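A short write-up of the structure that comes next.
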Amino acid sequence: MTDEEYDVGVSDLEDARRVIRDSQTSADRLIQASRELEHIVYGVSRDDSSLSATEYDINDARTSLEQHKLMRAKRSVRRAEKALATVESDVVELRRNIAMLNRLLKEKTLTEAELEIILRRLRNATGAAEIGEVGYAADEVEQLIGDLVVDSAVALNPFLFRNFWLGVDTRWPAGGDNGIMIVRICNDGSRPMPEMRLAPPVPEGWQCVPESIDLPIIRPGDVILVRFEVKPGLRFALDEIPLSRKLAIQTGYEISAGQVKVTMRVQNRSMETIRDLLLQPWMPPGYKAEVVPLVQKLSPDETGVVVMPLVIDMGDGGESTA
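Counting along the sequence shown from 1, when you hit position 271 you're at 319 in the numbering used here, and nothing is skipped either side.
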């Protein structure tokens with residue numbers, strides 16, 4: 049290696065180290081701003097400024113009761129309840145938006161200009177939350193997410209940042225161990241969905257052919273249908289009938305900017321009554337279910353429909369209904 053080649057290598061290494069340091073500094077600033085905003089959210093419900101209107105209504109109700117003005121006291125209590133419900137809803141929405149922003153920042157490469165805009169708007173949201181304007185803070189973070197996602201060619205988590213419908217239907221031909229899974233994706237949003245890789249939504253341990261498939265750009269209004277051959281991870285004796293063959297389950301996921309609602313249609317195709325059936329659908333990445341629905345009884349040929357919302361897995365930051 050010549051001296052000239054050695055000098056070039058050292059220079060490249062120093063440039064790489066500088067870029068890493070700058071990226072780490074930017075990430076630290078974003079994390080600090082996000083944590084500061086989330087810390088304020090935790091204290092909003094206990095902050096006097098955020099509940100001042102509620103306290104006024106409660107005091108007015110107390111005074112009205114002392115003066116035997118029951119109708120006025122009742123109206124004041126109702127106003128206080130409405131204000132509390134609004135604050136609670138705004139806090140949940142803000143925490144959900146913070147969780148989505150944190151995930152977006154982990155997946156998206158930011159320019160220095162974008163970084164400064166994010167920090168400035170986070171400070172605006174923080175200032176609003178400090179004075180009790182939680183709804184305004186939630187809207188500010190939501191608009192920030194929309195600005196970062198729009199026209200993004202990066203394959204972000206579609207369940208968090210896109211609007212679409214996903215349907216899953218598995219069919220089991222008679223006399224075989226393998227089933228056919230049909231996945232339908234409909235882009236009912238206003239923006240194209242970028243190219244992405246789709247793995248079949250199956251339980252852990254199942255075998256699938258193909259293991260994944262590359263999807264093209266899905267434009268608004270387009271529908272894509274994909275077929276997978278699936279095989280359960282467990283083997284059954286000849287005289288055993290697995291539950292998957294007794295039931296016909298169709299699952300639909302409605303995704304709208306981080307909010308996910310799951311609808312399951314379950315039909316008992318056997319000749320026996322099925323009792324105490326726990327339904328646990330496939331969970332999109334970044335989501336979980338607070339409760340798992342229980343179907344107490346499903347008679348032969350009976351069909352049941354279960355609707356359940358999913359929650360964003362916010363880790364130590366709490367949970368928010370998606």
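We treat Cβ as the ideally placed atom computed from N, Cα and C, and that holds for glycine. Given the structure is predicted, the values throughout are model-derived calculations rather than measurements.
Range of the contiguous beta strand (DSSP E) that encloses residue i
| i | result |
| --- | --- |
| P357 | T351 to P357 |
| L208 | Element bounds for L208: not the beta strand (DSSP E) but the alpha helix (DSSP H), P206 to F209. |
| N316 | Q307 to N316 |
| I303 | L295 to S304 |
| V343 | L342 to L346 |
Cβ neighbours of residue i in the same chain (closer than 8 Å, five flanking residues each side left out)
| i | result |
| --- | --- |
| S260 | R245, L246, A247 and P248 |
| P268 | N235, D236, G237, S238, R239 and P240 |
| R151 | N205, L208 and G334 |
| I266 | F212, I233, N235, P240, M241 and I272 |
Beta-carbon proximity list for residue i, same chain, < 7 Å, skipping 5 on both sides
| i | result |
| --- | --- |
| N211 | D236, G237, I303, S304 and A305 |
| W254 | V278, K279, P280 and G281 |
| L326 | V340 and L342 |
| V189 | L142, N145, I146, L149 and A173 |
| Y184 | A176 |
Same chain only: Cβ atoms within 6 Å of residue i, ignoring 5 sequence neighbours per side
| i | result |
| --- | --- |
| D262 | R245 |
| D96 | Confidence at D96 is low in this model, with a pLDDT of 44, below 50, so the placement of that residue should be treated as unreliable; the coordinate-derived value is given next. Hits under 6 Å: none found. |
| V355 | T311 |
| E277 | N226 and V257 |
| E320 | none |
| Y104 | Confidence at Y104 is low in this model, with a pLDDT of 48, below 50, so its placement is unreliable and no value can be given for it. |
Beta-bridge pairing of residue i - partner residues as DSSP gives them
| i | result |
| --- | --- |
| R219 | I228 |
| R163 | A small fix is needed here, since residue 163 is Leu in this sequence, not Arg. Note: L163 sits in no beta bridge, so no partner. |
| L196 | Per DSSP, none; premise fails for L196. |
| K154 | Partner(s): none; K154 has no beta bridge. |
For residue i, the three-state DSSP class (helix, strand or coil)
| i | result |
| --- | --- |
| T174 | helix |
| E181 | coil |
| Q191 | helix |
| V139 | helix |
| L326 | strand |
| E320 | coil |
| E338 | coil |
beta-carbon residue i near the ligand GTP non-hydrogen atom, thresh 6 Å
| i | result |
| --- | --- |
| G227 | The ligand GTP is not part of this structure, which contains no ligands at all. |
Can you give, in chain order, each stretch of the alpha helix (DSSP H) that sits fully within the segment 231–270 and has at least 4 residues? none
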